[in-house]
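Remarks on the structure that follows.
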Amino acid sequence: MLENYIATYFLDAVALTFLCYLISNDSILDKDRKGPFYLGTTLTILIILSDVGTIIAGNGSTDLRILNIICNVVGFTLAPVIPIILIAIFDVEVLQSNKLLMLPSILNMFATALSPWFNIVFYVDTNNKYTRGNYFFIFMATYIINLMIMLICTVKTEEKHHYQIKTSMTILSLFVIVGTSIQIILPTVYSAWHSVTLSLLLYYLFLTDFDGSLDALTKLHNRAAYEKMINKMENMKSYSVIVIDVNNFKEINDTYGHDFGDNALKKIASVIRKSFDNRCICYRVGGDEFYIINSETDPVKLEHQLKSMTVNLEKERKKDEHVPTVAYGYSIFKGGKAISFQEVLKEADERMYVYKSMQKDNPKSD
């Protein structure tokens, strides 16, 4: 039995090492994710080694008591940090702007470090026998809190950026929760780090696919993601499409340079993301062209969102008057007619050009 546990842990470590190799050679994964990914895999390997150490030392003589203690300290200290690392992999800005999220992990580290003397989280007696400490709940509470933080941060990030990934991320998070909870409840069932290893691999595959669907400059969804979406549009009962085009973008690039043009597109993309709710999926489909597919079909509410976009863009223009304006048009499909998505899109595009023409005739309408 001992050999079986060690063999499976060895396979976990090999898999995580291979994951590091994949990450280092990946050109699609966002570069900001790579550091947290390396840290997450490294910590998981350390925890796996500590688990192996506790298995070997716990089944050995009293001479291995110190090794048993050290391995338990490492395991109980690092284990609750893994959900926080998963947050950083997905959106490192969450941790950078909310340092207090690390507080439960820090408190658990202190409690674990003192456990060999004060029997807090765990205790290994002079006969090298391991028992859970009198305040083992500190470790459990920290782990549960961090898992909940991971779930909440994932949902908040999804809502902030309007990424349609809540279901996938929730399933992955629940997989980690279930796998680790089994070992917390049943200490002799070593399931936690098998599930974390598999989760990191799945997380990598998911995020590589996800990052491949994003425009590198604006972080909105890209043309490829848009092409995938329109294949599903025929099955939608109702929706609206908004077409947005940046005014005089070529002239702005020629006059102020491409770096200014890129920054202007970033600002406009940020305005778009901020102005539309999470019922929308925003795409950059061309150099200065954006599409928004919206499940909202009430024209009053659509006009409110577009007004919000205009107001937010004007705030940016007050900071820098060279930031361009935009023209837009929208079309609503309420179902009941055999109209293709391309026909709906064409109507929105034509309305955008009508608005653009009006702006040229009356510049004050920008």
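Residue numbers (our numbering): 2 to 367.
Even glycine gets a Cβ: it sits at the ideal position worked out from N, Cα and C.
How close, in whole Å, do the beta carbons of A58 and L68 come, if the pair is a contact with beta carbons under 8 Å? For the purposes of this step, residue 58 is taken as the residue at position 57 of the sequence shown. For the purposes of this step, residue 68 is taken as the residue at position 67 of the sequence shown. Sure, about 4 Å apart at Cβ, within 8 Å.
What does the alpha-carbon distance come out to for the pair T311 and E317? Against the sequence shown, residue 311 aligns to sequence position 310. Against the sequence shown, residue 317 aligns to sequence position 316. Straight-line Cα distance between these residues: approximately 10 Å.
Kindly indicate which residue of D52, K320, D64, T155 has the alpha-carbon position closest to the one of D126. Taking the sequence shown and counting its residues from 1, the one referred to as residue 126 is at position 125. Minimum Cα distance to D126 is reached at D64.
Going by beta-carbon coordinates alone, are V242 and S332 separated by less than 7 Å? Start at 1 with the first residue of the sequence shown, and residue 242 comes out as number 241. Start at 1 with the first residue of the sequence shown, and residue 332 comes out as number 331. Their beta carbons are under 7 Å apart, which means V242 touches S332 by this criterion.
Quick one: is A226 buried, meaning 16 or more other Cβ sit within 10 Å of its Cβ, or exposed? In the sequence shown, the residue the question calls residue 226 occupies position 225. That one is buried.
Could you confirm whether any beta carbon from chain B is found closer than 7 Å to the beta carbon of D31? As a matter of chain content, chain B is missing from the structure shown, which is built from one protein chain.
Given this structure, state the Cα-to-Cα distance separating A132 from S98, to the nearest angstrom. Along the sequence shown, read from residue 1 onward, the residue named residue 132 stands at position 131. Along the sequence shown, read from residue 1 onward, the residue named residue 98 stands at position 97. Per the sequence presented here, residue 132 reads as Thr, with Ala not at that position. Take the alpha-carbon of T132 and the one of S98: they are about 38 Å apart.
Pairing CB atoms from the segment 192–202 with CB atoms from the segment 2–20, are three or more of them under 8 Å? yes
Can you give me the Cβ contacts of S341 inside the same chain, cut-off strictly under 8 Å, excluding the 5 residues immediately before and after it? As a working mapping, residue 341 is identified with position 340 in the sequence shown. The beta carbon of S341 sits closer than 8 Å to the beta carbons of E235 from its chain, once the five residues preceding and following it are set aside; these are given in chain order.
Spatial neighbours of F261 within its chain, please: C-beta separation below 8 Å, excluding the five flanking residues on both sides. On the sequence shown, position 260 is the one that residue 261 refers to. Within the same chain, F261 has close Cβ partners I253, N254, H323.
So, with DSSP's three-state summary, where would you put N295? What you label residue 295 is simply residue 294 of the sequence shown in a count that begins at 1. The answer is strand: DSSP assigns N295 an E or B state.
Tell me whether T168 is buried or exposed, calling it buried when 16 or more other Cβ atoms sit within 10 Å of its Cβ. Position 167 of the sequence shown, counted from the first residue, corresponds to residue 168. Exposed, because fewer than 16 other Cβ atoms sit within 10 Å of the Cβ of T168.
Within the segment 91–116, note down every full beta strand (DSSP E) run reaching 3 residues or more, in order along the chain. With a minimum length of 3 residues, no continuous beta strand (DSSP E) run stays inside the segment 91–116.
In the DSSP output, what is Y331 paired with across the bridge? Here residue 331 is taken as the residue at index 330 of the sequence shown, counted from 1. For Y331, which the question treats as bridged, DSSP gives the partners I243.
Looking only at its chain, what residues have a beta carbon closer than 7 Å to the beta carbon of L20, apart from the 5 residues adjacent to it on each side? As a working note, residue 20 is residue 19 in the sequence shown. Hits under 7 Å: T42, L201, L202, Y205.
Could you pull out every residue in the same chain whose Cβ sits closer than 7 Å to the Cβ of I29, ignoring the five residues on either side in sequence? In the sequence shown, residue 29 corresponds to position 28, counting from 1. Excluding residues within five positions, the ones whose Cβ falls inside 7 Å are T209, D212, G213.
CB S239 to CB G336, shorter than 7 Å? Translated into positions along the sequence shown, residue 239 becomes position 238. Translated into positions along the sequence shown, residue 336 becomes position 335. A contact, by the Cβ cut-off of 7 Å.
Rounded to a whole number of angstroms, what is the C-alpha to C-alpha distance between V327 and V345? Numbered from its first residue, the sequence shown carries residue 327 at position 326. Numbered from its first residue, the sequence shown carries residue 345 at position 344. Taking the CA atoms as reference points, V327 sits about 20 Å from V345.
Under the assumption that C72 contacts G61 (Cβ atoms under 8 Å), give the Cβ distance between them as a whole number of angstroms. Taking the sequence shown and counting its residues from 1, the one referred to as residue 72 is at position 71. Taking the sequence shown and counting its residues from 1, the one referred to as residue 61 is at position 60. That pair is no contact at about 12 Å.
Inter-residue spacing [alpha-carbon to alpha-carbon] between I46 and R34: The residue labelled residue 46 in the question sits at position 45 within the sequence shown. The residue labelled residue 34 in the question sits at position 33 within the sequence shown. Distance between the alpha carbons of I46 and R34 is about 18 Å.
F277 to M353, Cα distance in whole Å? Walking along the sequence shown from the start, residue 277 turns up at place 276. Walking along the sequence shown from the start, residue 353 turns up at place 352. Computed Cα separation, rounded: 18 Å.
What span of residues does the alpha helix (DSSP H) with R34 cover, start to end? Counting from 1 along the sequence shown, the entry for residue 34 is found at position 33. Taken as a continuous stretch (DSSP letters only), the alpha helix (DSSP H) holding R34 covers 32–59.
Under the rule that 16 or more other beta-carbon atoms within 10 Å means buried, what is P300, buried or exposed? Translated into positions along the sequence shown, residue 300 becomes position 299. Classification of P300: exposed, given that the 10 Å Cβ count is below 16.
Sheet register partners of H222 (DSSP bridge): Counting from 1 along the sequence shown, the entry for residue 222 is found at position 221. Per DSSP, L215, Y284.
So, using beta-carbon positions, are I376 and L40 closer together than 7 Å? In the structure displayed, the chain extends from 2 to 367; residue 376 sits before or after that span and is not available.
Close-in-space but distant-in-sequence residues of the same chain around I139 (CB under 8 Å, 5 per side omitted): Here residue 139 refers to the residue found at position 138 when the sequence shown is read from its first residue. Cβ within range, chain order: L108, N109, A112, I121, V122.
Ends of the beta strand (DSSP E) at V125? As a working note, residue 125 is residue 124 in the sequence shown. Segment 123–125, the beta strand (DSSP E) holding V125.
Collapsed DSSP secondary structure at T326 in the structure displayed: Working through the sequence shown from its first residue, we reach residue 326 at position 325. Three-state result, T326: coil.
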